[in-house]
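Trainee:
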Amino acid sequence: MQGGTGLTGEELVRRIQESSERRQRIIDAVCGACENKCCRQMTMMGGQDLRRLLRGMLLDEEFEGRVRRGLYRVADRLETDLRVVQQVTDLLAASQDEADASDLAALRGNVRDWADFVAWLRTDFDLRLDELRRLLVFSAIRSNTLNALARFRGGLGALVNLSGDDAGFRFHGRRIAPPPCLFYLDDIGCICNDAKPAKCANFFCAGVPNLLEELRRELSFDDFVLANIGIAPTDRIIAMMRLERRLGPEFVDPKIVVGAADQDIEEIAAAMGRAGESVRLKRIDRPGMRSAAEVEQELAGIPDRTGIVEVYPAIDGNTLYELALALDRIRLRDEHPSFVLIARELVPTPAAHPLWDDQMMAQPLGALDLFAIEPPR
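Whatever position you read off the sequence shown (first residue = 1), add 1029 for my numbering.
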């Protein structure tokens, strides 16, 4: 964003696409270059993240298909590991005495849990939160299995020796190395796309080379902000808001929308009203200038069944970053205010946000529902 002209419409969308492509090239070049790729270091998905994943799958059949196909392949990977665990279990059963009977029974129980999980992954499970929560259980199943094997002399060593090139058991020091993320495949990356866990979306990184450091070096602050804005037509944003309210208050997430026209604003406010909320539509003449503390204080005071829509003529990347800091803290507290901030234009930032510096280990924009209106074609 050069000069003082704000972005809206097709120009805003074009700039977002260009910045997103540049950001992705940096991610592809840097992520994993430290040889300790986060995606291969266990699963970051938590309960809040599952709600976003469920929302995405219910909203988009194509995305639902991508996730299910990815999980089928993950099931194949876990079954390969399971076969090795079963081999070791059979060897232990043939060589242990009666004193180890209880430990062996516990191990066999863990093997059954693992097999049941693999079988469930291959089903067309219902899209309900209680079903998706089963995805969070596997880390405990794997840990319990390894702990059970460790009770037998040579159990873990046999597991690694029998793994060969196919199974995923390796020593990392004296411990078994962590497994890849349940939602990660080597050839396509994260199967969750924009619904990836917040830690991943916010680029939590302590590696060298450091992803955030490289992004700061290669992108201007405004370009980085642009790269974190999603592009969606108004009806898709409204469909998302309706779905959240149908699923329950814990699914409602604040929204920031830029590049909106009068009709977009009225449609968003009307959709909140049709969902049964008392809508307070505030039109502010000055550009958006909010501190994180002000935003948190305002949203903490929103009554139940009340939606707030604030409309500004313009907003800059600095203010968006400050808003994101507030909304990220609200997310971490698992609070769900019905709040939409709308700006007609995105304007240049006079200076990068003070926290956009070389000391940061994460940034708050990635997990935010931040959208630019896609112009009608």
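Just so it is clear, CB atoms sit at the ideal spot from N, CA and C, and this is done for glycine as well.
On a Cα-Cα basis, can you pick out the residue from V1369, V1340, L1349 and V1103 that is closest to E1306?
Mentor: Here residue 1306 refers to the residue found at position 277 of the sequence shown. When only C-alpha atoms are compared, the closest one is V1369.
Trainee: Between the alpha carbons of C1063 and V1113, how many angstroms are there, rounded?
Mentor: The residue labelled residue 1063 in the question sits at position 34 within the sequence shown. The residue labelled residue 1113 in the question sits at position 84 within the sequence shown. Between C1063 and V1113, the C-alpha separation is close to 29 angstroms.
Trainee: Restricting to Cα atoms, I'd like to know which of D1132, L1087, C1219 and A1148 is closest to L1158.
Mentor: Residue numbering aside, residue 1158 sits at position 129 when the sequence shown is read from its first letter. Among D1132, L1087, C1219 and A1148, the Cα nearest to that of L1158 belongs to L1087.
Trainee: Around the Cβ of P1383, are there at least 16 other Cβ atoms within 10 angstroms (buried) or fewer (exposed)?
Mentor: Reading the sequence shown from its first residue, position 354 is the one you call residue 1383. P1383 should be labelled exposed.
Trainee: Is there contact between the region 1209-1224 and the region 1097-1114, where contact requires at least three CB pairs shorter than 8 angstroms?
Mentor: A contact exists between the region 1209-1224 and the region 1097-1114.
Trainee: In the DSSP assignment, what residue or residues form a beta bridge with V1376?
Mentor: Counted from its first residue, the sequence shown places residue 1376 at position 347. According to DSSP, V1376 bridges with D1345.
Trainee: For P1405, which of R1106, A1058, T1263 and L1248 has the nearest alpha-carbon?
Mentor: Taking the first residue of the sequence shown as position 1, residue 1405 is located at position 376. If we check each option's Cα against that of P1405, T1263 comes out closest.
Trainee: Using the rule of at least 16 other Cβ atoms within 10 Å of the residue's Cβ for burial, across every protein chain shown, is R1367 buried or exposed?
Mentor: Position 338 of the sequence shown, counted from the start, is the residue given in the question as residue 1367. First, the residue type needs correcting, since residue 1367 is Ser and not Arg in the sequence shown. Result: buried.
Trainee: Taking contact to mean at least 3 C-beta pairs separated by less than 8 angstroms, is the region 1388-1397 in contact with the region 1226-1234?
Mentor: Yes, the region 1388-1397 is in contact with the region 1226-1234.
Trainee: Go through its chain and collect everything with a Cβ distance to L1240's Cβ below 8 angstroms, but skip five positions before and after it.
Mentor: For this step, residue 1240 is matched to residue 211 along the sequence shown. Taken in chain order, the residues that qualify are I1055, I1056, V1059, C1060, F1232 and C1234.
Trainee: Going along the chain, which residues of its own chain have a beta-carbon closer than 6 angstroms to the beta-carbon of E1339, five neighbours each way excluded?
Mentor: In the sequence shown, counting from the first residue as 1, residue 1339 sits at position 310. Excluding sequence neighbours, E1339 sits near K1311 and L1370.
Trainee: Please give me, in chain order, every unbroken run of the alpha helix (DSSP H) with length at least 4 that falls completely inside the region 1209-1254.
Mentor: Runs of the alpha helix (DSSP H) inside the region 1209-1254: 1227-1230 and 1240-1247.
Trainee: Kindly indicate which three-state DSSP category F1167 falls into: helix, strand or coil?
Mentor: Position 138 of the sequence shown, counted from the first residue, corresponds to residue 1167. In the structure shown, F1167 sits in a helix (DSSP, three-state: H, G or I).
Trainee: Pull up the DSSP beta-bridge partners for I1285, would you.
Mentor: The count along the sequence shown starts at 1 and reaches residue 1285 at position 256. I1285 is bridged to L1370 and L1399.
Trainee: Where does T1152 land, buried or exposed, given buried means 16+ other C-beta within 10 angstroms?
Mentor: Along the sequence shown, read from residue 1 onward, the residue named residue 1152 stands at position 123. Result: exposed.
Trainee: Taking only the alpha-carbon atoms, compute the straight-line gap between T1174 and F1181 and give it to the nearest angstrom.
Mentor: Mapped onto the sequence shown, residue 1174 falls at position 145. Mapped onto the sequence shown, residue 1181 falls at position 152. The alpha-carbon atoms of T1174 and F1181 are separated by roughly 12 angstroms.
Trainee: Between A1321 and L1354, is the Cβ-Cβ spacing less than 7 angstroms?
Mentor: Along the sequence shown, one-based indexing puts residue 1321 at 292. Along the sequence shown, one-based indexing puts residue 1354 at 325. For A1321 and L1354, yes; Cβs fall inside 7 angstroms.
Trainee: Can you have a look at V1166 and say buried or exposed, based on whether 16 or more other CB atoms are within 10 angstroms of its CB?
Mentor: Within the sequence shown, residue 1166 is the residue found at index 137, counting from 1. Exposed, by the Cβ-count rule.
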